[in-house]
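Under my numbering, the first residue of the sequence shown is numbered 9, with each subsequent residue one higher. C-beta atoms are modelled at their ideal positions from N, C-alpha and C, and glycine is treated no differently. These numbers come from a predicted model, not from an experiment.
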Amino acid sequence: MGSIVKVRNIELGEGVPKIAVPFVGCDEEEIMEEVAGVKTTKLDIVEWRIDYYRYVEDVEKVKKLLQKMRKNLNNIPILVTFRTVKEGGKKEISLEYYIELNRAIASTGNADMIDIELFIAEDKAVKKVVEELHEYNIKVIMSNHDFHKTPHKDELVSRMCRMQQLGADIAKIAVMPCSTKDVLELLSATCEMKCKHNDTPIITMSMGTLGVITRLAGETFGSALTFGSAKAASAPGQLEANELYKVLHLISEYR
């Protein structure tokens, strides 16, 4: 696998793929219920999908709730993600607010990683955002999601390499397969990144029922992180986290 990125006590890019569980509550009560559920869930990282949060346009409320989450999650790494509508998210905000919001989150010191979309702006602006987040010691997962199709392998590789060039600590691609051939395209791109462009760890997945195998085969092909659900899934094809843990470790035993 590629270089290792350490987030608190978790190393991404080595061994069994780590499990991230998304929090998708719409208000503080629901989100804190999800936080409490961590005690019975096998996970390595939590992802707060703030596009689900009803008050995401109130920066102070976001910061206050993040602080409460940090206190209750102890040393579990927190990934904060605002997923835009065009890439499968729940809410639309301006580019200016997207940047302001992520900068404010980084400044709190309560998040460990922030997801920045590759196509949120032109390359120069995206690179600047990454550099600003790095000043707060935030690790950046740069992402691209296609809920309609699977681009050709070469295009997938090109996008992930572009993420690396823009300063991403981890490159992430999620696509929708229309056939088993599409699943193979994603796995082939993952393997090529692992073998030829291993400057950073990568996260790849093929969504939906066709792509479930890609959520399990990271250790074989080179994906460092997979997403599992606790209560509600944040993307098609997510498996329940505790079951996902069992399968990942069963596969690892036979490697």
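With a threshold of 6 Å (Cβ to nearest heavy atom), would residue i be considered close to the ligand FAD?
{"i": "V148", "result": "Absent from the structure shown: the ligand FAD. Ligands present: none."}
Near residue i, what residues of its chain come up, given a Cβ to Cβ distance below 8 Å and the 5 sequence neighbours on each side ignored?
{"i": "E108", "result": "V67"}
{"i": "S260", "result": "G23, V24, E227"}
{"i": "M9", "result": "Unreliable placement is indicated for M9, whose pLDDT of 44 sits below 50; the coordinate value is still reported in the next sentence. So the qualifying residues of the chain are G21, E22, K202, N206, P209, G230, A232."}
Do residue i and residue j have their CB atoms nearer than 7 Å?
{"i": "P209", "j": "I178", "result": "yes"}
{"i": "Y61", "j": "K98", "result": "no"}
{"i": "E270", "j": "L87", "result": "One cannot answer for residue 270 here, as it falls past the ends of the chain, which runs 9 to 263."}
{"i": "V255", "j": "E200", "result": "no"}
Locate the alpha helix (DSSP H) running through residue i, then write down its first and last residues.
{"i": "A119", "result": "From DSSP, A119 is part of no alpha helix (DSSP H); its letter is neither H nor E."}
{"i": "F266", "result": "Because the chain is modelled from 9 through 263, residue 266 falls outside the range shown and cannot be assessed."}
{"i": "K161", "result": "161-173"}
{"i": "I39", "result": "36-44"}
{"i": "D131", "result": "131-142"}
{"i": "V255", "result": "249-261"}
{"i": "N80", "result": "67-81"}
Is residue i buried or exposed, if buried means 16 or more other CB atoms sit within 10 Å of its CB?
{"i": "G117", "result": "exposed"}
{"i": "E104", "result": "exposed"}
{"i": "S11", "result": "exposed"}
{"i": "K202", "result": "buried"}
{"i": "Y262", "result": "exposed"}
Which stretch, first to last residue, makes up the beta strand (DSSP E) that contains residue i?
{"i": "I53", "result": "53-57"}
Excluding the 5 residues preceding and the 5 following residue i in the sequence, name in chain order all residues of the same chain whose CB lies nearer than 7 Å to its CB.
{"i": "N83", "result": "R16, N17"}
Who are the Cβ neighbours of residue i in its own chain at under 6 Å, not counting the five residues just before and after it?
{"i": "R78", "result": "N118"}
{"i": "D207", "result": "Q172"}
* **the segment 186-204 / the segment 143-151 touching (three or more Cβ pairs under 8 Å)** => With the cut-off at 8 Å, the segment 186-204 and the segment 143-151 do not touch.
* Asked: Do the segment 82-96 and the segment 118-125 meet, that is, are 3 or more Cβ pairs less than 8 Å apart?
  -> The segment 82-96 makes contact with the segment 118-125, as at least three CB pairs between them are under 8 Å.
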